[in-house]
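In what follows, a single structure is set out as C-alpha cells and then discussed.
In the working numbering, the protein residues as written are 685 to 1288.
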C-alpha cells in the first residue's frame, strides 16, 4: 500500500491482496504522507495502536525495517520457499529512464568527477579536502531522491538539481586542478580509469614532451598517449600504428572503417581486424528517429510499446562537413532540422581505436516527442548484455512471451552489448539509460519532452556521446571502453625546469594497480576516519571467476577486507609487502582497507 493512512479498509485490502500466504504470514505496510508530505501523523500512530489486534483485520505491529527484514529472513529459511533467479521487472514507468536528461547527465558527471578527485587525493595522501568532499557527495546524493533523478518532479525541482550539479562540478573541477598541479612528473596526462589506455588526449597546448600532434583549432591540440590505469604518464605524443583518413563519404584508421549514406547515417561500419561488417545490408545504422510520445497516463513516467516502432527517421542532412581530416583524429558532421529543433551529429574516429564516437549536439524544442538513435546490427544474439551497477543483466532480444515483450524499454548504464561467440558489438554512452534491444539491434532513447509535471521538460540544449564499439570474444574491453568514455583523460602542463635539457621527468607509480582487465575499480580514497588508510573498492565486471592481484605503490603494513562502511573484517595476506591476491566470484564486490607501512595503527 502506497501512502497508507492505516485505515481498516487499507489494512483489509493489504491482507486480501497479499499473494504469498502459502509461505509467509508477515508483510510490510509503509504509512504516512509520502512524496514530501510530512510522513506519519499522530492520528495514524493512534490508529496503529487501536487496530493492533482487531477481529477481521490482520494483526498490526509497529517496527523498524531491521526487525521486519530479520523476521523475513527467518521465514525464507523454511523448506519450499520459492526462489526467483533473474530480474524482477516492473512493467511500468519506463519513461523515467529518459525524462529530464540534464538531471541524469549532471548526476553521472558529478559521480565520476568526485570519484576522480578522491583518487588524486589518495595518490597524494592529501586529506585536506576530505570534509569538503563529504559535503559535495551529500549534495549529489540529495538529488538522487526518487522523483528527482527519474525526472518526474516539477520544474523548480529540476532547476534546483541542475544548479546543484553545476556547483558540485565547478568546485570538484577546482579541487581536481589543485591536486593535479601537485602530482610529480612535469607535464603529465592523468588516467582515472582502472586500466591502461592508449588514446587521444585533447588540450590547450601541444605535448611539451614532443611527438606527433594534431591541431584541432586555434586553441586545441590532440596527442596520442599511453597512460597506466589510476595513474599518470609523461605528456609525450606517440606515433600511431596507422593514420586516420576522413572525407565526406568515409572515415577510417586501419582498424575500423565507417561509410556514410547520402542522408548521414552509417551505410557500413567494418571491423577490419575481425573482417566483419557491423551494419546489415540495406540498413541505416546510427539513424536519428523521432516519434509521437503520448503515454496513456503518467506523462513523465511512462513510455508506450508503440512509441519507438512508430518513430520515423529525421530528415536527411543537407551535406557532410569534414571538421578533422587526420592524421590522429578524423571527424565528419551532419546537421538536421526537424520542427523547431536542430541536431548536429558528429562522427569521430581516433588513431589506434576501434571505437567510433557519435557526438550529438541537440537544440530541442519539440512537445511530447521522442528522439532516439537506432543501431541495427549484423549480430545474432538471443540476449543483450546490459550494464547495471556492479554487473550486468541479460535481456531478451525478442518478444516471445508477454514477459519478454514487456522489456521493450530497459535500463542500462554505460553500455549494452550484443555478441556471438567470437564477435560482438557494444553501444556505449556518456549519459543515457533507456534502451531497446528487441528487433535485431540496439536503440538508445535520447530525449523525451513530456508536458507533466514539468511543461518545459527536456527543452533546450543537450550534448551526449553514443559510441559504437566492435570487439572480439568477451566483455572486458567493452567495460574498459565504457569507463574510458565516461572518464576523459586530464592533463597538467608544467614549464620545463631550468637545465632539464628536454629530459622527461618520471611520474609517480599508480597508487593502485589491478592485474586483471575483467576487474573494475569504483573507488580509491582515503579512509573516512582520518587514519591515512587507503580504501579500494572493486568488482568483477563480466560474470567470471577471476584471481586478480591488487598492488599498491608503497609498502603495506596490513590489508583487510571491509564492508561499505569501511569497517574491517577478514585479514588479507600480503604478497611482496605491497600486494594482495584476491579470488572473486562473478560480479563480486570487494572493499579493501590498506594500511601503509609506517602509518599510525588504524582500526584494522
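Backbone N, C-alpha and C fix where the C-beta goes; we use that ideal spot for every residue, glycine too.
Boundaries of the alpha helix (DSSP H) harbouring residue 787: 785-808, taken from the DSSP string. In this structure, residue 952 sits away from residue 975, with a CB-CB distance that is not shorter than 9 Å. Shown here for residue 1043: same chain residues with a beta carbon closer than 6 Å to its own, the five before and five after excluded, namely 1030, 1149 in chain order. If you draw a straight line from the Cα of residue 1124 to the Cα of residue 1082, it is about 8 Å long. As for any beta strand (DSSP E) of minimum length 3 sitting wholly inside the stretch 1197-1267, the runs are 1203-1210, 1218-1224, 1233-1236, 1240-1246, 1252-1255, 1263-1265, ordered along the chain. A distance below 6 Å between beta-carbons, with the five flanking residues on each side excluded, links residue 943 to the following residues of its chain, in chain order: 934, 951, 952. Taken atom to atom, the span from the alpha-carbon of residue 1096 to that of residue 1072 is near 6 Å. Counting only unbroken stretches of 4 or more residues, the alpha helix (DSSP H) elements lying wholly within the stretch 818-894 are 839-865, in sequence order. Per the coordinates, the alpha-carbon of residue 804 lies some 12 Å from the alpha-carbon of residue 913. About 14 Å separates the Cβ atoms of residue 1160 and residue 1098, ruling out a contact at the 8 Å cut-off. Here DSSP, grouped into helix, strand and coil, assigns residue 701 to coil. Nearest C-alpha to residue 1155 among 1039, 1256, 969, 1053: 1039. Contact fails between the stretch 816-823 and the stretch 762-779, because fewer than three Cβ pairs, one in each stretch, are under 8 Å apart. Within the model, the alpha-carbon separation for residue 884 versus residue 1198 is close to 23 Å. Looking at the backbone, the Cα of residue 930 and that of residue 947 are separated by about 17 Å.
The secondary-structure analysis by DSSP pairs residue 1280 across a beta bridge with 1240.
Pairing residue 886 with residue 917 gives a Cβ-Cβ distance that is not under 9 Å. When C-alpha distances from residue 788 are compared across 869, 871, 843, the shortest belongs to 843. For residue 918, no alpha helix (DSSP H) segment is defined; the enclosing uninterrupted segment is the beta strand (DSSP E) at 915-918. Annotation note: the stretch 1103-1187 contains the following uninterrupted beta strand (DSSP E) runs of length 3 or greater, listed N- to C-terminal: 1108-1113, 1118-1120, 1125-1132, 1144-1155, 1174-1176. Counting the other Cβ atoms within 10 Å of the Cβ of residue 858 gives fewer than 16, which makes it exposed.
With contacts defined by Cβ atoms closer than 9 Å, residue 1034 and residue 904 do not form a contacting pair. Cβ neighbours of residue 1271 within its own chain (closer than 7 Å, five residues either side excluded): 1074, 1075, 1223, 1224, 1227. Between residue 762 and residue 707, the C-beta spacing is below 9 Å. Counting the other Cβ atoms within 10 Å of the Cβ of residue 1165 gives 16 or more, which makes it buried.
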